[in-house]
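Residue numbers (my numbering): 134 to 860.
The C-beta atom is built at its ideal place from N, Cα and C for all residues, glycine as well.
All values reported here derive from a predicted model rather than from experimental measurement.
Since the structure comes first, as structure tokens, the remarks are kept for the end.
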């Protein structure tokens, strides 16, 4: 495999199902690769060239497998960009069974105003802290791989000595004063709450203390019996059920790491025998220069200093085109794979060319997609010859091993779409609704019915008619304070608006809030009248019941790269139930940006289009129309649906063809702006209308929508939920 002569003496045997990881082990059969390993084992360095596509992950897996018999056999991989780290880790899982960690970049590091609370509640910061604690005790670990990026490795880590000094160890059977423990936690940055709602918080109920450290995946419930720790167990925050019991836990202070000037770098934390793998050194240097212009100079490491530190360890450079080196050098006999057109009717023919006389392996991110590809590609020559294989996993970019006549490609490459890597940051399902004003924290924004938006400053005890009463202190514009009796809390609501910056405080005595309320009230009344009118028309007309989910529908949904959240799962089932009823659907889907509303709309569109009806997706802006068109096109790439766009950017000829296709029924899904609501649009068989942010359309468009939605299923999406209307 690693030969400049391209001979076959070192070629691997054909790979069969379940043996892909043997490719990495087989690298050690070649003398060039062995020379690099020997150099690393002697504390020196080496260079590996020809690492096209994901072949760099294959080489790293081969390097790491050589350490399988060692204790503390850590291999650190540095990739150029922060977004590359998760993808590289996904690639590695195809070639090795060793444990893989990712040291993420701090996403808020570019913002010099990022405060302590933001960093502590950042999942990336929590994962970095957890990895530092693990690396300190790495002598008890088996060999593993740590993937990181230039941004992540140039930013400081918590000093292990400070972690040790700021950590409290609790074990079963130990004596603990619960009040002293609460005071210890509060003094070190932990937030006491009534119910756990985020990492870095704790809650106490008598002899039970719930704890959620920022570097834990799940919270822990500590139960005391006469001040003795009787039970330690992790639990699920939603069901409150125990997950597993523990013998001990470590509680780490939260505040000291960001306030102190003492930091550590990754090179200080890893074991002395760590091997480093540097991916594409020129790109690493370029990224280091870019980061130097945006990262705080005083708190980050310069790239030159980083490489000086790294080269004190055994290290290897991996590059598609390897630089000249006097150290041990090996060359992968690897080629990049040809690009595919992404068109379903041509994929089989293109696969015949790429896989001519070669074993072809295709990586699919899900089992459902693997099964679907097996069906779609069965007519191809490699499939007929028994040389087409499938495996489940994510692959960033394919490659060809020339001597072995082996090709590895991803399903995304076949259909010219971009698969997202799995997010390896911990997922904390801790959101809950606001039930009472006990949920208000000082500094939260609130809305006073009469005065508008204010900032909650806490509860105050004030004298009123010779009696002491409790009041909510609200701060308005110009530092004006208003005190609302706790008995009149119905006058105040918690502000639920979005955005990274807070809202503008209202001015007491001004008329703006009154005018805003009147305008909103009129708009809501008009909307209600329109809805009543439309519902009256719809009630007289039976809707169309679309069939139950087909295998294609299930495969389409399972191919989505992320697991749906509980809220998404509920919305999916609700929309599915609406579409399968004879009653016309008129569903409002609320969710902030990033909630995944578009994915839910695409699932509904797939169901309708597969049943032979057309789908119209109406969006308020040209940019959004183009984004949605691309998203729909990529998501539906493997299915025989025709998707078109219609906006002011659409060329005249293309617009004419699209209008004709809509009228004839040959266009299955059309994504457009208000152009879709004009009078010259005539659908052959419109079944579903998806409207994104309807409140942003003008009066004329809304009038046209009234006619369109009178007889079809309607899904309206918005990032502005009903409680936010007045906010």
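Option in the options with minimal Cα separation from residue i
i	options	result
residue 774	744, 266, 679 and 362	744
residue 870	307, 327, 290 and 519	With the chain running from 134 to 860 in the structure shown, residue 870 is simply not present.
residue 268	404, 378, 592 and 327	404
residue 852	231, 827 and 791	827
residue 723	850, 788 and 819	850
residue 765	456, 802 and 791	802
residue 637	586, 767 and 593	586
residue 416	538, 282, 785 and 509	282
residue 596	618, 581 and 174	618
residue 716	703, 669 and 159	669
residue 770	697, 693 and 756	693
Close beta carbons around residue i, own chain, < 6 angstroms, minus the five adjacent residues each side
i	result
residue 729	701
residue 847	719 and 822
residue 615	607
residue 374	none
Nearest-angstrom Cα separation, counted from residue j out to residue i
i	j	result
residue 293	residue 742	57 angstroms
residue 318	residue 386	7 angstroms
residue 612	residue 588	10 angstroms
residue 407	residue 213	20 angstroms
residue 862	residue 644	This structure does not reach residue 862, given that the chain is present from 134 up to 860, and the question cannot be answered.
residue 711	residue 344	41 angstroms
residue 561	residue 322	Any reading at residue 561 must be qualified, since the residue scores a pLDDT of 46, below 50, and its modelled position is unreliable; the value itself is stated next. Whole-angstrom Cα-Cα distance: 19 angstroms.
residue 609	residue 652	22 angstroms
residue 796	residue 776	14 angstroms
residue 627	residue 578	7 angstroms
residue 331	residue 353	13 angstroms
residue 219	residue 280	8 angstroms
residue 761	residue 277	41 angstroms
residue 249	residue 333	With a pLDDT of only 40 at residue 249, under the threshold of 50, the placement of this residue in the model should not be trusted; the figure read from the coordinates follows. Rounded to whole angstroms, residue 249 to residue 333 spans 12 angstroms at the Cα level.
residue 708	residue 662	24 angstroms
residue 473	residue 542	11 angstroms
residue 324	residue 736	41 angstroms
residue 442	residue 421	15 angstroms
residue 465	residue 482	28 angstroms
Residue j beta carbon less than 7 angstroms from that of residue i
i	j	result
residue 870	residue 480	There is simply no residue 870 to check, as the chain begins at 134 and stops at 860 in what is shown.
residue 414	residue 454	no
residue 591	residue 603	no
residue 362	residue 424	no
residue 865	residue 257	Missing from the structure shown is residue 865; the chain here goes from 134 to 860 and no further.
residue 544	residue 506	yes
residue 689	residue 747	no
residue 492	residue 525	no
residue 179	residue 461	yes
residue 365	residue 357	no
residue 263	residue 348	yes
residue 691	residue 501	yes
residue 804	residue 758	yes
residue 582	residue 624	yes
residue 808	residue 782	no
Own chain partners of residue i with C-beta closer than 7 angstroms, once the 5 adjacent residues on each side are dropped
i	result
residue 176	447
residue 157	191, 194, 195, 198, 228 and 229
residue 469	185, 186 and 532
residue 286	211, 399 and 439
residue 308	360 and 361
residue 593	604, 606 and 616
residue 733	701, 704, 705, 708 and 722
residue 523	495, 497, 503, 506 and 507
Residue(s) in a DSSP beta bridge with residue i
i	result
residue 616	606
residue 291	396
residue 335	325 and 344
residue 281	211 and 236
residue 383	302
residue 627	579
residue 464	182
residue 358	361
residue 75	Outside the displayed range of the chain (134 to 860) lies residue 75, so it cannot be described from this structure.
residue 154	DSSP, once it has assigned bridges, lists no residue as partnering residue 154.
Residue i Cβ short of 6 angstroms to the ligand ADP heavy atom set
i	result
residue 723	Summarising the ligand content, the structure contains no ligands, and the ligand ADP is consequently not present.
Other residues of its chain near residue i: CB distance less than 8 angstroms, five sequence neighbours each side excluded
i	result
residue 488	513, 514, 515, 520, 521 and 540
residue 396	289, 290, 291, 292 and 432
residue 681	713
residue 463	135, 163, 165, 166, 168, 169, 179, 180, 181 and 182
residue 444	178
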